[in-house]
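A.B. asks: Structure below; questions to follow.
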Amino acid sequence: MEQFVKTCDQCQRAGKPNDKKKAPLKLVPVIQGGFTKLNIDACGPLPITSKGNRYLITAICMSSKFPEAIPVSDISSCSDYRVFERFGILVRHSSVYHPQSNPVERFHRTLKRLLRVLCLDAGSEWDKHLPSILLALRTVSHESTGYTPSELVYGKNLRTPETLVMEHWMEPEEEGDLVTEYMFKLINRLKRCQEVAINKMEEMQVKRKTWYDKNAVKREFKDGDLVLVLATSRANKLAVQWIGPGTILNKISKRTI
Numbered sequence: 001m002e003q004f005v006k007t008c009d010q011c012q013r014a015g016k017p018n019d020k021k022k023a024p025l026k027l028v029p030v031i032q033g034g035f036t037k038l039n040i041d042a043c044g045p046l047p048i049t050s051k052g053n054r055y056l057i058t059a060i061c062m063s064s065k066f067p068e069a070i071p072v073s074d075i076s077s078c079s080d081y082r083v084f085e086r087f088g089i090l091v092r093h094s095s096v097y098h099p100q101s102n103p104v105e106r107f108h109r110t111l112k113r114l115l116r117v118l119c120l121d122a123g124s125e126w127d128k129h130l131p132s133i134l135l136a137l138r139t140v141s142h143e144s145t146g147y148t149p150s151e152l153v154y155g156k157n158l159r160t161p162e163t164l165v166m167e168h169w170m171e172p173e174e175e176g177d178l179v180t181e182y183m184f185k186l187i188n189r190l191k192r193c194q195e196v197a198i199n200k201m202e203e204m205q206v207k208r209k210t211w212y213d214k215n216a217v218k219r220e221f222k223d224g225d226l227v228l229v230l231a232t233s234r235a236n237k238l239a240v241q242w243i244g245p246g247t248i249l250n251k252i253s254k255r256t257i
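Going by full-length UniProt numbering, the sequence shown opens with residue 1, and the numbers climb by one from there.
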């Protein structure tokens, strides 16, 4: 009976989306150059502010984890790739209906949570609090690198209100470094921080893969295999969860068919 249900075409197409077993996690190379790769997305719609802003264009550097968010009133022109082509920027899209493939989605959750807290008193004027939120996120140590985004970009942390209070109570240094000496120190500090951050990110990748792969099932598909495809939209609640079967015509890579 169990084998009959497992091989029943109607039962398979009507099954739950989470019936599928997850595949082993595929590690991506750690980005070693600051701002070499940016993950960009749009967040919204949000409550309309007095300036007419309703959306956020967000970006995060995959090496330093440095975040950026720009409030805009409309995102209809954000799909214009002419500016990317002009500067030779290669644009790649994340997997459809798979937000886990775009790390900026996690940044969205954090950003929305902080905006929600600050807007309890300020109402819909969330764009006024955006600089303060970005300052906080840029000066907090990131789990995967062990450094703050500001340290990996500027070689030192940004001056926050807490820093100003500490400087007020500390005695000022009698003599500062020369410009050339400061430049060499800054370059060496940046290089050292980036090396440590890269090693830290590689260690975190291995830990996450070990945890993720505990219940993973490795499956290999080849040309000619019959497969079912998860339906991204359904006409009604009684419609099937999976469509097909379809035939794999070409296996482009280990993750794309």
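Glycine is no exception: its CB is placed at the ideal position from the N, C-alpha and C atoms.
Measure the C-alpha to C-alpha separation of C61 and E85 and round it to an integer number of angstroms.
C.D. replies: Taking the sequence shown and counting its residues from 1, the one referred to as residue 61 is at position 61. Taking the sequence shown and counting its residues from 1, the one referred to as residue 85 is at position 85. Answer to the nearest angstrom: the Cα atoms are 20 Å apart.
A.B. asks: Please report the distance separating the alpha-carbon of K218 from that of P245.
C.D. replies: On the sequence shown, residue 218 is found 218 positions in, with the first residue counted as 1. On the sequence shown, residue 245 is found 245 positions in, with the first residue counted as 1. Each residue's alpha carbon lies about 21 Å from the other.
A.B. asks: Determine the closest residue to Y162 out of V153, L46, V140, F66, with distance taken between C-alpha atoms.
C.D. replies: In the sequence shown, residue 162 corresponds to position 162, counting from 1. What sits at residue 162 in the sequence shown is Glu, not Tyr. Cα-wise, what sits closest to E162 is V140.
A.B. asks: Among C193, L178, L38, A239, which one has its Cα closest to the Cα of N102?
C.D. replies: As a working mapping, residue 102 is identified with position 102 in the sequence shown. Nearest option by C-alpha distance: L38.
A.B. asks: According to DSSP, simplified to helix, strand and coil, what is N236?
C.D. replies: On the sequence shown, residue 236 is found 236 positions in, with the first residue counted as 1. Here N236 sits in coil by DSSP.
A.B. asks: Using the beta-carbon count (16 or more within 10 Å), is K26 buried or exposed?
C.D. replies: In the sequence shown, residue 26 corresponds to position 26, counting from 1. Under this definition K26 is an exposed residue.
A.B. asks: Can you tell me whether F221 is buried or exposed, with buried defined as 16 or more other CB within 10 angstroms of its CB?
C.D. replies: Position 221 of the sequence shown holds residue 221. Its Cβ having fewer than 16 others within 10 Å, F221 is exposed.
A.B. asks: Are the stretch 146 to 153 and the stretch 184 to 198 in contact at 8 Å, needing three or more beta carbon pairs?
C.D. replies: These segments touch.
A.B. asks: Can we say the stretch 104 to 111 touches the stretch 44 to 53, given the rule of at least three CB pairs closer than 8 Å?
C.D. replies: No: the two stretches stay apart, fewer than three of their Cβ pairs being nearer than 8 Å.
A.B. asks: Report yes if the C-beta distance between V72 and Y81 is below 8 Å; otherwise report no.
C.D. replies: Reading the sequence shown from its first residue, position 72 is the one you call residue 72. Reading the sequence shown from its first residue, position 81 is the one you call residue 81. Contact: no.
A.B. asks: Please determine, among K156, I57, D223, M204, the residue with the shortest C-alpha to C-alpha distance to S253.
C.D. replies: Position 253 of the sequence shown holds residue 253. The option with the nearest alpha carbon to S253 is D223.
A.B. asks: Determine which residues share a DSSP beta bridge with residue 264 and list them.
C.D. replies: Since the first and last residues shown for the chain are 1 and 257, residue 264 lies out of range.
A.B. asks: How big is the Cα-Cα spacing for G146 and Q32?
C.D. replies: As a position in the sequence shown, residue 146 is number 146, starting the count at 1. As a position in the sequence shown, residue 32 is number 32, starting the count at 1. Straight-line Cα distance between these residues: approximately 15 Å.
A.B. asks: Starting from the Cα of S63, find the closest Cα among F35, L230, K112, V227 and give me that residue.
C.D. replies: On the sequence shown, position 63 is the one that residue 63 refers to. Comparing Cα positions, the closest option is F35.
A.B. asks: Beta carbon of T58, beta carbon of W126: below 8 Å?
C.D. replies: In the sequence shown, counting from the first residue as 1, residue 58 sits at position 58. In the sequence shown, counting from the first residue as 1, residue 126 sits at position 126. For T58 and W126, no; Cβs fall outside 8 Å.
A.B. asks: Bridge partners of G246, per DSSP?
C.D. replies: In the sequence shown, counting from the first residue as 1, residue 246 sits at position 246. Looking at the DSSP assignment, G246 forms a beta bridge with V227.
A.B. asks: Work out the CA separation of Q205 and L137 for me, nearest whole Å.
C.D. replies: Counting from one through the sequence shown, the residue named residue 137 turns up at place 137. Counting from one through the sequence shown, the residue named residue 205 turns up at place 205. For L137 and Q205, the distance between alpha carbons rounds to 22 Å.
A.B. asks: May I have the straight-line CA-CA distance separating S76 from C8, to the nearest angstrom?
C.D. replies: In the sequence shown, residue 76 corresponds to position 76, counting from 1. In the sequence shown, residue 8 corresponds to position 8, counting from 1. Those two C-alpha atoms are separated by around 45 Å.
A.B. asks: DSSP three-state label for V28, please.
C.D. replies: Here residue 28 refers to the residue found at position 28 when the sequence shown is read from its first residue. Three-state result, V28: coil.
A.B. asks: Does A216 come out as helix, strand or coil in the three-state DSSP assignment?
C.D. replies: The residue you call residue 216 lines up with position 216 of the sequence shown. It is coil, neither helix nor strand.
A.B. asks: At what residues does the beta strand (DSSP E) containing I70 begin and finish?
C.D. replies: As a first step, residue 70 is located in the sequence shown; it is residue number 70 there, counting from the start. That run of the beta strand (DSSP E) goes 67 to 72.
A.B. asks: Just reading off the alpha helix (DSSP H) that Q12 is part of, what are its end residues?
C.D. replies: By one-based count along the sequence shown, residue 12 stands at place 12. It spans 9 to 13 - the alpha helix (DSSP H) in which Q12 sits, taken as one unbroken run.
A.B. asks: Between I89 and I40, what straight-line distance do the alpha-carbon atoms span, to the nearest angstrom?
C.D. replies: The residue you call residue 89 lines up with position 89 of the sequence shown. The residue you call residue 40 lines up with position 40 of the sequence shown. Approximately 13 Å between the Cα atoms of the pair.
A.B. asks: Is the beta carbon of T247 less than 8 Å from the beta carbon of L226?
C.D. replies: Along the sequence shown, read from residue 1 onward, the residue named residue 247 stands at position 247. Along the sequence shown, read from residue 1 onward, the residue named residue 226 stands at position 226. Contact: yes.
A.B. asks: For a quick check, are the C-beta atoms of V229 and R13 less than 8 Å apart?
C.D. replies: To locate residue 229, count along the sequence shown from 1; it is residue 229. To locate residue 13, count along the sequence shown from 1; it is residue 13. No, they are not a contact pair.
A.B. asks: From K51 to P131, what distance separates their C-alpha atoms?
C.D. replies: Locating residue 51 in the sequence shown gives position 51, counting from the first residue. Locating residue 131 in the sequence shown gives position 131, counting from the first residue. Taking the straight line joining both Cα atoms gives about 15 Å.
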